[in-house]
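Undergrad: If you want this note's numbering, it's the 1-based position in the sequence shown plus 169. For each residue, glycine too, the CB sits at the ideal point set by N, CA and C.
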Amino acid sequence: MKLLFVASECAPFVKTGGLADVIGAVPKSLTAKGMGVKVLLPGYPSLAPLMKRAKVVAKFKQLFGGPARVLSARAEGLDLLMIDSPHLYDRVGSLYVDADGADWTDNHLRFGALSYVGAEVARGAIKGWQPRLVHAHDWQAGLVAAYLAQDQAYTPPVITTIHNIAFQGVFPASTLGQLGLDKSLFTPEGVEYWGKVSFLKAGLALSHRVTTVSPSYANELLTPEFGMGLEGLLQMRQKELSGILNGIDTEIWDPSNDPALPAPYSARGTKRKARSKTKVQKFFGLDSSASGPLFCVISRLTTQKGLDLLANCLQGLVARDATLAVLGTGDRALERVFRQAADEFPGRVGTHIGYNEDLSHLLQGGADAILIPSRFEPCGLTQLYGLRYGTLPIVARTGGLADTVIDANEAALATECATGVQFAPVTETMLDVAIGRACDLFKQPEVWQGMMRRAMRHPVGWDKSADAYLDLYTDLIDS
Ligand code: ADP
Ligand code: GLC
Numbered sequence: 170m171k172l173l174f175v176a177s178e179c180a181p182f183v184k185t186g187g188l189a190d191v192i193g194a195v196p197k198s199l200t201a202k203g204m205g206v207k208v209l210l211p212g213y214p215s216l217a218p219l220m221k222r223a224k225v226v227a228k229f230k231q232l233f234g235g236p237a238r239v240l241s242a243r244a245e246g247l248d249l250l251m252i253d254s255p256h257l258y259d260r261v262g263s264l265y266v267d268a269d270g271a272d273w274t275d276n277h278l279r280f281g282a283l284s285y286v287g288a289e290v291a292r293g294a295i296k297g298w299q300p301r302l303v304h305a306h307d308w309q310a311g312l313v314a315a316y317l318a319q320d321q322a323y324t325p326p327v328i329t330t331i332h333n334i335a336f337q338g339v340f341p342a343s344t345l346g347q348l349g350l351d352k353s354l355f356t357p358e359g360v361e362y363w364g365k366v367s368f369l370k371a372g373l374a375l376s377h378r379v380t381t382v383s384p385s386y387a388n389e390l391l392t393p394e395f396g397m398g399l400e401g402l403l404q405m406r407q408k409e410l411s412g413i414l415n416g417i418d419t420e421i422w423d424p425s426n427d428p429a430l431p432a433p434y435s436a437r438g439t440k441r442k443a444r445s446k447t448k449v450q451k452f453f454g455l456d457s458s459a460s461g462p463l464f465c466v467i468s469r470l471t472t473q474k475g476l477d478l479l480a481n482c483l484q485g486l487v488a489r490d491a492t493l494a495v496l497g498t499g500d501r502a503l504e505r506v507f508r509q510a511a512d513e514f515p516g517r518v519g520t521h522i523g524y525n526e527d528l529s530h531l532l533q534g535g536a537d538a539i540l541i542p543s544r545f546e547p548c549g550l551t552q553l554y555g556l557r558y559g560t561l562p563i564v565a566r567t568g569g570l571a572d573t574v575i576d577a578n579e580a581a582l583a584t585e586c587a588t589g590v591q592f593a594p595v596t597e598t599m600l601d602v603a604i605g606r607a608c609d610l611f612k613q614p615e616v617w618q619g620m621m622r623r624a625m626r627h628p629v630g631w632d633k634s635a636d637a638y639l640d641l642y643t644d645l646i647d648s
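#1: Counting along the chain, where does the alpha helix (DSSP H) carrying Arg626 start and finish?
#2: Could you tell me whether the Cβ of Asp477 comes closer than 7 Å to any Cβ of chain D?
#3: Exposed or buried, which one is Met405 when buried takes at least 16 other CB atoms within 10 Å?
#4: According to DSSP, Ile417 sits in a beta bridge with which residue or residues?
#5: Is Glu526 near the ligand ADP, in the sense that its beta carbon is under 6 Å from a heavy atom of that ligand?
#6: Pick helix, strand or coil for Ser561, following the three-state DSSP scheme.
#7: Relative to the alpha-carbon of Leu455, which residue among Phe464, Leu470 and Val518 has its alpha-carbon at the smallest distance?
#8: So for His521, helix, strand or coil by DSSP?
#9: Which one or two residues does DSSP pair with Ile252 in a beta bridge?
#10: Could you tell me if Lys633 is buried or exposed, where buried requires 16 or more neighbouring beta carbons within 10 angstroms of its beta carbon?
#11: Would you give the residue range spanned by the beta strand (DSSP E) that Ile328 belongs to?
#12: Going by Cα to Cα distance, which pick from Leu403, Asp609, Glu526 and Ala583 is closest to Gly187?
#13: Identify every residue that forms a DSSP beta bridge with Glu361.
#14: For Gly654, which three-state DSSP category applies?
#15: Run the proximity test for Leu553: is its beta-carbon closer than 6 Å to any non-hydrogen atom belonging to the ligand ADP?
#16: I need the straight-line Cα distance from Pro211 to Tyr285, nearest angstrom please.
#17: Which whole-angstrom value describes the C-beta separation of Ala491 and Ala511, a residue pair presumed to lie in contact below a C-beta threshold of 8 Å?
#18: Alpha carbon to alpha carbon, what distance is there between Ala571 and Leu550?
#19: Which stretch, first to last residue, makes up the beta strand (DSSP E) that contains His306?
#20: Using only CA atoms, which one of Glu409, Met397 and Gly559 lies nearest to Met621?
#21: Going by C-alpha distance, which of Phe336, Arg444 and Phe611 is nearest Gln309?
#22: Spell out a yes or no on whether the segment 351-365 and the segment 255-265 are touching, meaning 3 or more CB-CB pairs, one atom from each, closer than 8 Å.
#23: Considering only the beta carbon of each residue, do Val206 and Val226 sit closer than 7 Å?
#24: For Tyr554, which residues in the same chain have their Cβ closer than 7 Å to its Cβ, ignoring the five residues on either side in sequence?
#25: In this structure, what does DSSP give as the bridge partners for Gln591?
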């Protein structure tokens, strides 16, 4: 079965967060199960080397202000389609914002173009390759369903996946014409959202099915607290909404074969994890004499991730003789807070502001535990990497974090199934309690070691979830 993925990120080529990891991994699992998957991406500068050796498979004379070509190449086990359209994507800055951190003013056109080309490929723009189904991801691909909906001819069904409902792609009503969308779609049942154009809403309203990345988040999305204004629409579409848990690429994230670690280790022998710990302590300037656990954070520094709460728990963490290594970037105020914390608690808190893939692997290898106090978390991947590396996740009980970590409560410890610590509600007090619980467990090496081994054996790959996607695709095509 031929399947088109439409997304704005894909690891290892272009990544700002977990979306990239997912798009870089699921197609491989689906391909192994017999699907023919192509991934359509904007032709960002980081794809230039690939685009140079790619084949032209479609051309557009005019794509929102300039020409465009669709290029095809195979790399890292993926079949990629890249939109070579320099006026939209060839620029210095990051994917969504300019060098000053402001959204690119033409983001509606940049991602409208991604969606438009996705729809055209779905309609057969590539000779000899027409997908049976389109799988669109997040707001950047939300208009695929809209462009297909305004076509009277046969078009393949569309699934839209919500990776994070906090980002909705809302633009002024005047963009409707610029995007070439039919006025008839500007209704509450279509792309209209409080008098504006919403890309994500369009995807949720007009797709044949809607999924999100964990069962708990699928339920949470139906509530005003988590639905961020779209809960009413999702309630109406509840029958077509489901949550399929993310997995991880277990080849890229494998402590027994990870070039970023000084020594490999596995669930059968975790001793050599200590080598990574030493390297982390050196890098972050942390005392190796501390008797408590080495916690880490690997995260975007945003309100979603609840790290402002952690900033207020540092006194308690240090008082328990624990240490903390923070790798993150994002909110300037939070960056400052963690830089200052490193000054305030020398040898106890170490901070590296920036985005560093290798360092994230080393931290997963070297830390004892990973802290994820998110206010909401559609799935979360760093807790899955933590499980795989025996770096026990200390997580807020929300979304995918709730679905993937087994809390070390009395019953779970007695029956030997705990893999981490959960806390709720997401407050400073409860985070502090969770840190305390982790420190107490760490004082019992046998218990901690048992949890580590169990965590490392916890299935975190894509196999089961890829089957769930396959069932969904088959269902949709048969219906
Ligand atoms: P989100 O997509 O909401 O940011 P996820 O947990 O799903 O959260 O995915 C985050 C991904 O980004 C993970 O692969 C994580 O390792 C990575 N990541 C986040 N911050 C950094 C950073 N500063 N350096 C390297 N990798 C990071
Ligand atoms: C989003 C979510 C995160 C999820 C990722 C991949 O960025 O914030 O929870 O893991 O998408 O689906």
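TA: Quick answer:
#1: Numbered from its first residue, the sequence shown carries residue 626 at position 457. First-last of the alpha helix (DSSP H) with Arg626: Pro614 to Arg626.
#2: Absent from the structure: chain D. Only one protein chain is present.
#3: Along the sequence shown, one-based indexing puts residue 405 at 236. By the neighbour-count rule (16 or more Cβ atoms within 10 Å), Met405 is not buried but exposed.
#4: On the sequence shown, position 248 is the one that residue 417 refers to. None, per the DSSP bridge assignment.
#5: Against the sequence shown, residue 526 aligns to sequence position 357. Because some heavy atom of the ligand ADP lies under 6 Å away, the Cβ of Glu526 counts as near it: yes.
#6: In the sequence shown, residue 561 corresponds to position 392, counting from 1. In the sequence under discussion, the amino acid at residue 561 is Leu, which differs from the Ser named in the question. Strand at Leu561.
#7: Taking the sequence shown and counting its residues from 1, the one referred to as residue 455 is at position 286. The shortest Cα separation from Leu455 among Phe464, Leu470 and Val518 belongs to Val518.
#8: For the purposes of this step, residue 521 is identified with residue 352 of the sequence shown, where counting begins at 1. Strand at His521.
#9: Position 83 of the sequence shown, counted from the first residue, corresponds to residue 252. Bridge partners of Ile252: Pro211 and Val239.
#10: In the sequence shown, counting from the first residue as 1, residue 633 sits at position 464. Result: exposed.
#11: Numbered from its first residue, the sequence shown carries residue 328 at position 159. Looking at the DSSP string, the run of the beta strand (DSSP E) that includes Ile328 is Val327 to Ile331.
#12: The residue given as residue 187 occupies position 18 in the sequence shown. Selected option, being the one with the closest Cα: Glu526.
#13: Here residue 361 refers to the residue found at position 192 of the sequence shown. For Glu361, which the question treats as bridged, DSSP gives the partners Val366.
#14: Look at the range of the chain in this structure, 170 to 648, and you will see that residue 654 is not part of it.
#15: Working through the sequence shown from its first residue, we reach residue 553 at position 384. No - the ligand ADP has no heavy atom lying nearer than 6 Å to the Cβ of Leu553.
#16: Within the sequence shown, the letter at position 42 stands for residue 211. Within the sequence shown, the letter at position 116 stands for residue 285. The alpha-carbon atoms of Pro211 and Tyr285 are separated by roughly 11 Å.
#17: Reading the sequence shown from its first residue, position 322 is the one you call residue 491. Reading the sequence shown from its first residue, position 342 is the one you call residue 511. Wrong, their Cβ atoms sit about 15 Å apart, outside the cutoff.
#18: For the purposes of this step, residue 550 is identified with residue 381 of the sequence shown, where counting begins at 1. For the purposes of this step, residue 571 is identified with residue 402 of the sequence shown, where counting begins at 1. Their Cα atoms are separated by approximately 12 Å.
#19: Counted from its first residue, the sequence shown places residue 306 at position 137. Per DSSP, His306 belongs to the beta strand (DSSP E) from Leu302 to His306.
#20: Start at 1 with the first residue of the sequence shown, and residue 621 comes out as number 452. Of Glu409, Met397 and Gly559, the residue nearest in Cα terms is Gly559.
#21: For the purposes of this step, residue 309 is taken as the residue at position 140 of the sequence shown. It is Phe336 whose Cα lies nearest to the Cα of Gln309.
#22: no
#23: As a position in the sequence shown, residue 206 is number 37, starting the count at 1. As a position in the sequence shown, residue 226 is number 57, starting the count at 1. Not closer than 7 Å, so no.
#24: Locating residue 554 in the sequence shown gives position 385, where the first residue counts as 1. Excluding sequence neighbours, Tyr554 sits near Ile417, Trp422 and Gln533.
#25: Mapped onto the sequence shown, residue 591 falls at position 422. Paired residues: Val564.
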